[in-house]
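First up is the structure itself, then whatever we jot down about it.
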Ligand SMILES: [Zn+2]
Ligand SMILES: [Zn+2]
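Numbering (my numbering), first residue to last: 1 to 202.
Dropping the structure here:
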């Protein structure tokens, strides 16, 4: 692994049993002394962390999205507790995505199941499909950039958000917003100089 995601294997590994699937977030939060509540939040806000003891999750989220939102917020909480000192404030959202993905989809567990159907694995783990995909990217499997249909774009460097630096996925994300889906994969493939490093997923 050579991506940002590999940094979180050790941190996440201290919080849950290595082969626990799906991860028991309720017990994990209890062990961390974290209270979790669901509430009415704006549509673009999946969750919020208060101090370092309370997480609020958007009540409109489905089960898989809510689990990822909670895992992501636990990343913020650990940052506030000083458990991820390498994370700078401007990179915290990316760090929490990688952390949350590693918490719910342990890369060592996934590495033994790469031939399995992605959507079946996502259901087994109780995670959104795109979270499984960014963990595969973390292992260096598959193309560096994948268009996820309505689920957005995943990038081996940036995960599911646009990166702060000049990553090529920025162009892919812009095209995904402006181009109609049937033409999109062809446009993007030529933009990046070839289809080998890009895969469209519906
Ligand atoms: Zn966040
Ligand atoms: Zn990127």
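Backbone N, C-alpha and C define an ideal beta-carbon position, used for all residues, glycine too.
Remember, it's a predicted structure, so these values are computed and weren't measured experimentally.
Following a CB-centred definition, is residue i positioned closer than 8 Å to any heavy atom of ligand 2?
i	result
residue 156	yes
residue 143	no
residue 76	no
residue 207	Coverage of the chain is limited to positions 1 through 202, which leaves residue 207 absent and any answer about it impossible.
residue 170	yes
residue 79	no
residue 167	yes
Excluding five sequence neighbours on each side, which residues of the same chain lie with their C-beta closer than 8 Å to the C-beta of residue i?
i	result
residue 93	161
How about residue i: is its Cβ closer than 8 Å to a heavy atom in ligand 1?
i	result
residue 96	yes
residue 163	no
residue 93	yes
residue 152	no
residue 47	yes
residue 73	yes
DSSP three-state call for residue i: helix, strand or coil?
i	result
residue 76	helix
residue 100	helix
residue 147	strand
residue 49	strand
residue 205	Since the first residue of the chain shown is 1 and the last is 202, residue 205 is not available in this structure.
residue 35	strand
residue 167	coil
residue 83	coil
residue 159	strand
residue 41	coil
residue 119	helix
residue 127	coil
residue 54	strand
For residue i, I'd like the list of residues in its chain whose CB is within less than 6 Å of its CB, leaving aside the five on either flank, ordered along the chain.
i	result
residue 35	54
residue 136	142
residue 65	128
residue 14	none
residue 2	Its pLDDT being 43, under 50, residue 2 is placed unreliably by the model, and the measurement read from it follows with that caveat. Here the set comprises nothing.
residue 17	none
residue 87	79 and 95
Figure out for me which residue from the options has the closest Cα to the Cα of residue i.
i	options	result
residue 10	153, 154, 69 and 83	83
residue 124	27, 104, 28 and 76	104
residue 74	42, 31, 108 and 90	31
residue 48	61, 29, 28 and 70	70
residue 148	118, 50 and 89	118
residue 42	114, 58 and 22	58
residue 44	28, 165, 155 and 61	61
residue 51	27, 80 and 26	80
residue 158	120, 121 and 91	91
residue 144	22, 156, 138 and 95	156
I think residue i touches residue j, with their Cβ atoms under 8 Å apart; what is that distance to the nearest whole Å?
i	j	result
residue 111	residue 131	Their Cβ separation, rounded to whole angstroms, is 16 Å, which puts residue 111 and residue 131 out of contact at 8 Å.
residue 167	residue 153	About 11 Å separates the two Cβ atoms, so there is no contact after all.
Shorter than 9 Å from the beta carbon of residue i to some beta carbon of chain C?
i	result
residue 87	Reference to chain C is not applicable here, since this structure consists of a single protein chain.
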